[in-house]
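Read in order, the letters of the sequence shown are residues -28 to -1, 1 to 225 in mature numbering (1 follows the signal peptide of the UniProt record, and there is no 0).
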Amino acid sequence: MPRVIPLAGLSLAALLALTACSSSPASSGPSESASSGPSESPSATSGTGAGSEETGSYSSDDLATILGTVTQADGTSLQMIPTAQIEQSMDQARQFLEAVTVTPEDCKVFVSNSLEAPEGAGVATGVSSSNGDAVQTIVSAASSADIDSSKGLAAVPAAALEVCSSFSVDAQGVVIEQTVEAVDASTKAESTVGTSSVQSSSDGGKQQTMTIIGTRGDLAVTALRTAKDTLPDGTQDELQDLVDATFTAAERG
């Protein structure tokens, strides 16, 4: 199945961009998540700020504890991704993106800039799968002094959509066409951004992803769902609820 790998590779890059690094002011928008989930213990913590002093109100451990209390609409919990796995996957994602050709060229920033996390960010990420691995839900929480809840996170995706609402990626001979559009999202956060994207590869593969990002103070929460072909009904409401549930859990401490 060699021609499935490029689509999964771009998905991996976007998973990291939209979850582990969603607090970055340079983060520029949505794409797909990884096509397979982690197999680590739910108690494991995750954070790209490992080894540096965390500057946000919440540490990676705090955020992992918070996400550990969040449940989905069906009552299932999230499976946490450990730090080492996130860091390894980010390196793999960067290597993958170095080998792809994006048209228009300016849109390569759209899928690569957000692989850089703010210095000292506390981060935790959890994932769950349904219908086998055909549908995946990823939730992350990130805390950093660099997060601007009033403008920064919301403005960049909007600007990116103007230029890169449609672009193509040539990955190892497979051409992936991507379209992105804004979603009218609403959460209890101070600032909310919603986007929906579709990836179609030249070998017939198709994925749809919806992303909801909410920020409040120095805390950013991203809820993302990706599915083969089309997303399940009710996805937007469920993602918005996950964002709200994470903020509620953070308030409880």
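Note that beta-carbon positions come from the ideal geometry of N, C-alpha and C, so glycine has one too.
In the DSSP assignment, the residues bridged to Ser173 are Ile148. The straight-line gap separating the alpha-carbon atoms of Ile38 and Val215 is approximately 12 Å. Annotation: Ile185 to Gln144 spans about 31 Å, alpha carbon to alpha carbon.
For the pair Ala199 and Ala106, the CB atoms are nearer than the 8 Å cut-off. Spanning the alpha carbons of Leu35 and Ser101 requires a straight line of approximately 21 Å.
With fewer than 16 neighbouring CB atoms inside 10 Å of its own CB, Gln60 falls in the exposed class. Judged by DSSP in its simplified three-state form, Ser140 adopts strand. Val147 sits close to Ser174, with the two beta carbons spaced by under 8 Å. A check of alpha carbon separations from Val193 across Gln180, Gly166, Ser140 identifies Gly166 as the nearest. With contacts defined by Cβ atoms closer than 8 Å, Ser32 and Ala96 form a contacting pair.
When secondary structure is reduced to three states using DSSP, Ile53 falls in the coil class, being assigned neither helix nor strand. Between Gly94 and Val111, the C-beta spacing is not below 8 Å. Nearest neighbour of Gly206 by Cα position, chosen from Ala221, Arg224, Phe219, Ala157, turns out to be Ala157. Collapsing the DSSP output to three states places Ala157 in coil. Separation of Thr159 and Asp213 (C-alpha to C-alpha, rounded to the nearest whole angstrom) is 8 Å. Excluding the 5 residues flanking it on each side, Val42 has same chain C-beta neighbours closer than 7 Å at Leu50, Val111, Leu214, Ala217, Thr218, Ala221, in chain order. Residues Glu153, Val155, Met182 of the same chain have their beta carbon placed closer than 6 Å to that of Ser168, with the five preceding and five following residues left out of the count.
The DSSP-derived three-state label of Thr202 is coil.
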